[in-house]
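Read left to right, the sequence shown gives residues 1 to 149 (the UniProt record's numbering). We put the CB at the ideal spot given by N, CA and C, even for glycine. What you are looking at is a predicted structure, and each value in this text was computed from that prediction instead of being measured. Structure first, commentary second.
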Amino acid sequence: MSRVEFTRHEIREKALQALYPFDFSNETTKEDAIAYALEYNNAELVSEEGDMFIPTYLDQLVEGVCSHKEELDTLIQDNLKKWTLARIAKPDLIIMRIAIFEMKYSQDIPAKVALNEALELTKKYSDDDSRKFVNGVLSNIIKKENLEG
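Here you go:
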């Protein structure tokens, strides 16, 4: 099976797709979620034997967001005005989790890059109001957590 190289942007998009089911089912495994995300519109990634190449960074994002979900949600909740996590559209919430995880735990990803990537995903998977909302929340977190550097 030939390896398909994903850009970091494509990996973030796959992470969003993989993380989505976790908010609806406790029975989803990380492996199943990643497999679904990779197979979606990418059947060529699966060999005839059913093997699949999983990009390391995708695995790190999904694992990291899952294992730090409580912390990430607390940061988001602490930066909401008159909102609760339950009111946030699922794609927007997951996009913010990914961005905050990258800002805090991915040493090679500057906060501004994580923010810009989050806004690109929001542009594709949400609307303009969501993009402004995500930008506001993430910008506040960058300032409060001193994540600029």
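Residue i versus residue j: straight-line alpha-carbon distance, rounded
i       : j       : result
Glu-13  : Ile-54  : 14 Å
Gly-64  : Phe-101 : 7 Å
Gln-17  : Phe-24  : 13 Å
Gln-107 : Glu-5   : 21 Å
Asn-135 : Glu-31  : 30 Å
Ile-141 : Thr-56  : 27 Å
Thr-29  : Asp-128 : 32 Å
Arg-131 : Lys-90  : 13 Å
Ala-86  : Glu-27  : 20 Å
Arg-97  : Ala-33  : 16 Å
Ile-88  : Glu-145 : 21 Å
Thr-122 : Ala-35  : 23 Å
Thr-84  : Ile-94  : 14 Å
Phe-22  : Asp-92  : 14 Å
Presumed contact (8 Å Cβ cut-off) between residue i and residue j, rounded CB distance
i       : j      : result
Leu-138 : Ala-99 : 6 Å
Top-ranked residue by Cα proximity to residue i, from the options
i       : options                          : result
Lys-124 : Tyr-105, Ile-34, Glu-10          : Glu-10
Ala-15  : Lys-143, Gln-77, Gly-136, Leu-58 : Leu-58
Val-62  : Trp-83, Ala-37, Asp-128          : Ala-37
Cys-66  : Ile-34, Leu-19, Lys-81, Asp-92   : Leu-19
Lys-104 : Asp-128, Lys-143, Ile-34         : Lys-143
Lys-81  : Leu-93, Phe-133, Ala-33          : Phe-133
Gln-60  : Glu-145, Arg-8, Asp-92           : Arg-8
Residue range of the unbroken alpha helix (DSSP H) whose run includes residue i
i       : result
Pro-55  : Per DSSP, Pro-55 belongs to no alpha helix (DSSP H) and is neither H nor E.
Tyr-125 : 111 to 125
Lys-90  : 90 to 105
Glu-71  : 69 to 78
Leu-138 : 128 to 144
Ala-18  : 8 to 19
heavy atom of the ligand SAH below 7 Å from residue i C-beta
i      : result
Ile-76 : Although the ligand SAH was asked about, the structure shown includes no ligands whatsoever.
*Please confirm if the segment 110 to 122 is in contact with the segment 71 to 82, defined as three or more CB-CB distances below 8 Å between the two stretches.*
Contact between the segment 110 to 122 and the segment 71 to 82 is absent, because fewer than three Cβ pairs lie under 8 Å.
*Three CB pairs or more closer than 8 Å across the segment 73 to 83 and the segment 117 to 131*: Here the segment 73 to 83 makes no contact with the segment 117 to 131; the two share fewer than three CB pairs at distances below 8 Å.
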